[in-house]
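Read through the structure below, which is laid out as structure tokens, and then see the notes.
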Amino acid sequence: KSGRIARAFLEEQPDDAVPRFQYEDHIAALVNDRVWPDSTRAISELRLTIEYESASGWNRLFSAGKLSVDIVDYPGEWLLDLPLLGKSFADFSREAVELAALPVRSDLSQAWRELACAINPDADADEMTARHLAESFAAYLKACKLDERALSTLPPGRFLMPGDL
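The opening position of the sequence shown corresponds to residue 566 in the numbering used here, with each subsequent residue numbered one higher.
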């Protein structure tokens with residue numbers, strides 16, 4: 566309303582190790598093809614820079630304002646993992662077992678729960694056993710996601726959509 570924005574433009578993102586969000590491709594898909602872009606599969610980012618005139622006369626005298634906004638596109642499934650930051654592994658594990666045993670999930674989690682119950686917790690750690698358990702747990706989460714009951718609390722989301730950070 567006040568007309569203080571001089572211009573807004575895209576710039577190179579600050580971290581060259583992170584892929585650039587394909588803004589132009591997504592806009593083309595929406596406008597030209599009239600299709601919603603595919604879901605995010607990996608992290609990407611984009612920098613939007615806004616040059617503006619300061620509301621303060623004093624600041625306007627010395628320099629134009631410049632604001633850089635870094636936008637990070639993050640797979641939605643990974644956002645499910647944010648609440649895990651405040652939990653211990655023991656708390657997460659207890660909650661995961663409780664959820665898996667609920668009547669609405671018990672048939673989907675049965676193979677994983679049976680496999681987990683067959684493991685001796687006092688045995689030496691074994692990479693193949695851990696991998697097999699993780700794969701079984703991931704299969705249970707995927708079954709929940711695909712199920713017609715629309716189960717949505719499925720952490721860790723990285724088990725549903727692995728990727729690079």
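From the three backbone atoms N, C-alpha and C, an ideal C-beta is built for every residue, glycine too.
Leaving aside the five residues before and after residue i along the sequence, list all residues of the same chain whose C-beta is less than 8 Å from its C-beta, in chain order.
i, result
"ARG714", "VAL669"
Which same chain residues, not among the five before or five after residue i, have their C-beta less than 7 Å away from its C-beta?
i, result
"LEU673", "TYR705, ALA708, CYS709 and ASP712"
"ILE570", "ILE615 and TYR617"
"VAL600", "ALA594"
"ALA681", "LEU698"
Once the 5 residues before and after residue i are set aside, which same chain residues still bring their CB inside 6 Å of it?
i, result
"PRO584", "SER609"
For the alpha helix (DSSP H) containing residue i, list its first residue and its last residue.
i, result
"ILE608", "Where ILE608 is concerned, there is no enclosing alpha helix (DSSP H), given that its DSSP letter is neither H nor E."
"PHE657", "654-666"
"PHE586", "That residue, PHE586, is in no alpha helix (DSSP H); it is neither H nor E in DSSP."
"TRP601", "Taken as a continuous stretch (DSSP letters only), TRP601 belongs to no alpha helix (DSSP H), as it is neither H nor E."
"GLU700", "692-711"
"GLY651", "No alpha helix (DSSP H) holds GLY651; DSSP gives it neither H nor E."
"GLU642", "641-644"
Taking C-alpha atoms, which residue in the options lies nearest to residue i?
i, options, result
"ILE572", "GLY630, PHE586, VAL600 and PRO579", "It should be noted that the sequence gives Arg, not Ile, for residue 572. Checking every option, the nearest Cα to that of ARG572 belongs to GLY630."
"SER633", "LEU645, ASN597, LEU613 and LEU650", "LEU613"
"SER701", "GLU692, ALA666 and ARG678", "ARG678"
"PHE574", "GLU589, LEU649, ALA582 and ASP581", "GLU589"
"PRO720", "ILE592, PRO648 and ASN685", "PRO648"
Alpha carbon to alpha carbon, how far is residue j from residue i? Give it in angstroms, no decimals.
i, j, result
"GLN587", "LEU595", "13 Å"
"ALA666", "LEU645", "20 Å"
"ASP598", "ALA683", "52 Å"
"GLU577", "SER671", "48 Å"
"GLY651", "VAL662", "18 Å"
"ALA655", "PRO686", "13 Å"
"SER658", "SER619", "52 Å"
"GLN675", "LEU664", "12 Å"
"THR694", "ILE592", "46 Å"
"ASP603", "SER653", "34 Å"
In the DSSP assignment, find the unbroken beta strand (DSSP E) run with residue i in it and report its ends.
i, result
"PHE574", "570-576"
"ILE684", "Neither: ILE684 is in no beta strand (DSSP E) and is coded neither H nor E."
"LEU719", "First-last for LEU719: undefined, no H or E at that position."
"GLY630", "630-638"
Comparing the C-beta of residue i with each C-beta of chain C, is any distance below 9 Å?
i, result
"ALA573", "Given the protein chain composition of this structure (a single chain), no chain C is represented."
The stretch 593-611 / the stretch 633-649 touching (three or more Cβ pairs under 8 Å)
The stretch 593-611, when compared against the stretch 633-649, does touch it at the 8 Å Cβ threshold.
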